[in-house]
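Presented below is the structure to which this report refers.
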Amino acid sequence: MAVFENSKTFSDVIVGFFNLLGDTPQVADKLIASKLVIRFIYSDPDVVVVVDCSGDAVDVRPGDTETKVIVEMSMKADIAHKFWFGKVNLTMALTRRQMVAKGPVPKILKLLPAIKPSYAMYPKYLVENGYSQYNIH
Amino acid sequence: MLPEFYQFHHPTKVIYGEGLVNDFAHEVEELGVKKYFIVSDQVIHSLGFIQPIKKGLEEANFVITGEFYDVPQDASVEAVERISRHAGDSGAEGLIAIGGGSVIDATKAANFVFSEGGDLIEDYSGAATLTRPLKPFIVIPTTAGTGSESTLVAVIYDVANKTKLAFSDKFLLPDLAVLDPLMTQSLPPGLTASTGMDALTHAVESYVGVDSSPHSEALAVEAIKHIFKYLVRATDKGDDLEARGGMLIAANMAGSSFSHSMVGCVHSMAHAVGGLTRVPHGVANAILLPYGMEYNFEVSKEKFAKLAPVMGVDVTGMSIDEAAREAIAAVRNLGRQLNALDAIPVRLRDAGVPEESLPTIAEAATEDGTIVYNPRDVVAEEILIHLKNAY
Numbered sequence: 500m501a502v503f504e505n506s507k508t509f510s511d512v513i514v515g516f517f518n519l520l521g522d523t524p525q526v527a528d529k530l531i532a533s534k535l536v537i538r539f540i541y542s543d544p545d546v547v548v549v550v551d552c553s554g555d556a557v558d559v560r561p562g563d564t565e566t567k568v569i570v571e572m573s574m575k576a577d578i579a580h581k582f583w584f585g586k587v588n589l590t591m592a593l594t595r596r597q598m599v600a601k602g603p604v605p606k607i608l609k610l611l612p613a614i615k616p617s618y619a620m621y622p623k624y625l626v627e628n629g630y631s632q633y634n635i636h
Numbered sequence: 002m003l004p005e006f007y008q009f010h011h012p013t014k015v016i017y018g019e020g021l022v023n024d025f026a027h028e029v030e031e032l033g034v035k036k037y038f039i040v041s042d043q044v045i046h047s048l049g050f051i052q053p054i055k056k057g058l059e060e061a062n063f064v065i066t067g068e069f070y071d072v073p074q075d076a077s078v079e080a081v082e083r084i085s086r087h088a089g090d091s092g093a094e095g096l097i098a099i100g101g102g103s104v105i106d107a108t109k110a111a112n113f114v115f116s117e118g119g120d121l122i123e124d125y126s127g128a129a130t131l132t133r134p135l136k137p138f139i140v141i142p143t144t145a146g147t148g149s150e151s152t153l154v155a156v157i158y159d160v161a162n163k164t165k166l167a168f169s170d171k172f173l174l175p176d177l178a179v180l181d182p183l184m185t186q187s188l189p190p191g192l193t194a195s196t197g198m199d200a201l202t203h204a205v206e207s208y209v210g211v212d213s214s215p216h217s218e219a220l221a222v223e224a225i226k227h228i229f230k231y232l233v234r235a236t237d238k239g240d241d242l243e244a245r246g247g248m249l250i251a252a253n254m255a256g257s258s259f260s261h262s263m264v265g266c267v268h269s270m271a272h273a274v275g276g277l278t279r280v281p282h283g284v285a286n287a288i289l290l291p292y293g294m295e296y297n298f299e300v301s302k303e304k305f306a307k308l309a310p311v312m313g314v315d316v317t318g319m320s321i322d323e324a325a326r327e328a329i330a331a332v333r334n335l336g337r338q339l340n341a342l343d344a345i346p347v348r349l350r351d352a353g354v355p356e357e358s359l360p361t362i363a364e365a366a367t368e369d370g371t372i373v374y375n376p377r378d379v380v381a382e383e384i385l386i387h388l389k390n391a392y
């Protein structure tokens, strides 16, 4: 059974977390430096989010299916959830097709060291925002 | 310690033998289709390599529906698009690549659109974009270096945007690789040495990389053993078919190894050197491999120490540090032997790299996608020290 019961809940969780990353200079500065525009396409439940780092700030746009993006990442919501706990090896997930990446994958791989701090932020974020039932212990 | 998780997936049938390119119809039969389109480059075509292969296949009732010999030195998007279009128009049911890394990668990428239609960059650039196998794809390598006949990756140059595009998918792996030493015997010493050192770099970096596994390590070790046994011989005497065969096998094993475990900081540096100064990839790897090993020394010394005897070093009585240093010395010595044959330079300055470009190269190396597989963080200031040493 999927961790998140419906699209709205997962969208609230993931969009809120992306916004938190965008407000955290330690992570956001590197995301902005990358100039990447990424569309995340989640399934089970279905959610689409664009994270646009092409401007002066990280712009998170839920439901954006129109913007021409640089990279498109598709995965199950459960995999994304595990990823933000630091429990998914991105390269292995791509090899196993748990994630599908369209576009310049090396640019995504390059961001991995930059987003390392977010793995500690995610469980804390869940607790502080009333989502502690989704925490992985 | 065993990895927490790994997978090994190698569906490519590899056949090896002298003269096999004229007699592999039996294996092609197993692929179930009759009509093939051949892809190569002008050099291979002018050497007369294609005709006997065609003849062998046609005598076995296969149909060659068309040929394409215009793959440039860096496989381009335009070439890939032309290959898929011509192959499709010709009524082919499968592809045969005869050549080095560029020809193989161009044909590999062409198989996306040839098999599935769509747009190469929009639909397939990235990782794991396919959901089912492509049309039959046969590779006959004419260099012993990239091992692309056994990798799930194709790198294509986007001339319009001056960038290299990476395509990675398990369905890109060829169905059949035909390794025939006769196909590499006319390779000149410089290319023999640089492509061979490229294969050595694949094997060493794959062996110590963060995603290494028992399977990839086993292939890397055997590849390294073969390269130390045969590379100087193949470079010195091109018609030494045993050495040519040994190098083809080594490059293939190294390719399969790094297809699973990827490469690290030597490739980060070599990609930066190549991008900024156009030094050929194999030459850059050949020069930088011992320096990259030094960069990783503290975190990889136990593995380097294990490689020392594979490289022919007698490690009796040596500490891990001493054996690891001997492994680096063995790699450096191999480069010097090839340099003595006038085959490759051993210094960046001798390859035409301007000294003032080193800081830019170091910065660019830290931007390369391969850094995530390196066993230690790739830091520009420290990379620069090793680049200066290599200068």
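Here the protein sequences come in this chain order: A and L.
In this note's numbering, each residue's number is its place in the first sequence (first place is 1) plus 499.
In this note's numbering, each residue's number is its place in the second sequence (first place is 1) plus 1.
Every residue, glycine too, gets a C-beta built ideally from N, C-alpha and C.
Bear in mind the structure is a predicted one, so any value in this text is a computation, not a measurement.
For glycine 67(L), the uninterrupted beta strand (DSSP E) segment begins and ends at 64-69. When Cβ-Cβ separations below 7 Å define contact, alanine 129(L) makes contact with chain A. At least 7 Å separates the CB of alanine 613(A) from every CB of chain L. Distance from the CA of tyrosine 624(A) to the CA of serine 126(L), rounded to the nearest whole angstrom, comes to 34 Å. Under the 7 Å criterion on CB atoms, alanine 363(L) is classed as non-interfacial with respect to chain A.
If the five residues before and after proline 281(L) are omitted, its C-beta is found closer than 8 Å to the C-beta atoms of Ser195, Gly275, all from its own chain and listed in chain order.
In the DSSP assignment, proline 561(A) falls within the beta strand (DSSP E) that extends over 558-561. Only residues of its own chain outside the window of five on either side were considered, and among them Val570, Ala600 have a CB closer than 7 Å to the CB of isoleucine 607(A), listed in chain order. When DSSP assignments are scanned along the segment 330-360 of chain L, no uninterrupted stretch of alpha helix (DSSP H) that is 4 or more residues long falls wholly within it. Between the segment 242-255 of chain L and the segment 187-207 of chain L there are three or more C-beta pairs closer than 8 Å, enough to call the two in contact. The closest CA to that of isoleucine 540(A), considering only Gln632(A), Leu530(A), Met574(A), Arg560(A), is found on Met574(A).
Shown in chain order are the members of the segment 6-35 of chain L whose Cβ falls below 9 Å from a Cβ of chain A: Phe6, Tyr7, Gln8, His10. Contact between lysine 165(L) and leucine 153(L) fails: their C-beta atoms lie close to 16 Å from each other, not under 8 Å. When C-alpha distances from glycine 18(L) are compared across Gly353(L), Val64(L), Glu243(L), Phe9(L), the shortest belongs to Glu243(L). The C-alpha of tyrosine 374(L) lies about 32 Å from the C-alpha of leucine 188(L). Counting only the Cα atoms, serine 533(A) lies some 19 Å from histidine 272(L).
Distance between methionine 312(L) and proline 376(L), taken at the CA atoms: about 21 Å.
In the DSSP assignment, serine 573(A) forms a beta bridge with Ile540(A), Val599(A).
Here isoleucine 288(L) carries a helix assignment [DSSP, helix/strand/coil].
The Cβ atoms of threonine 144(L) and glycine 101(L) lie closer than 7 Å to each other.
Judged by DSSP in its simplified three-state form, leucine 180(L) adopts strand.
The beta-carbon distance between alanine 128(L) and serine 169(L), rounded to whole angstroms, is 4 Å. This is short enough to meet the 8 Å contact definition. The Cβ of alanine 600(A) sits closer than 7 Å to at least one Cβ of chain L.
Exclusion of the five residues before and after glutamate 299(L) leaves Arg377 as the residues of its chain whose Cβ lies within less than 8 Å of its Cβ. Taking CB atoms only, proline 605(A) has a neighbour in chain L less than 7 Å away. According to the DSSP secondary-structure assignment, lysine 165(L) is paired through a beta bridge with Tyr158(L). Using a Cβ-Cβ distance cut-off of 8 Å, the segment 32-40 of chain L and the segment 87-104 of chain L are in contact, since at least three pairs of beta carbons, one from each stretch, lie closer than that value. Close partners of threonine 590(A) in chain L (Cβ separation under 8 Å): Asp212, Met263, Val373, Tyr374. When the beta-carbon positions are compared, methionine 263(L) and glycine 210(L) come within less than 7 Å of each other. Per DSSP, the continuous alpha helix (DSSP H) segment holding alanine 200(L) begins and ends at 190-209. Shown here for threonine 361(L): same chain residues with a beta carbon closer than 7 Å to its own, the five before and five after excluded, namely Leu277 in chain order.
Taken in chain order, the unbroken stretches of alpha helix (DSSP H) that lie wholly in the segment 33-60 of chain L and span 4 residues or more are 43-47, 51-60.
In the displayed model, tyrosine 618(A) falls within a helix according to three-state DSSP. Under the DSSP assignment, proline 142(L) falls in the beta strand (DSSP E) whose first and last residues are 138-142. Residue pairing from DSSP places valine 547(A) in a beta bridge opposite Ile540(A). Of all residues in the segment 537-571 of chain A, only Val570, Glu571 place a beta-carbon less than 9 Å from a beta-carbon of chain L.
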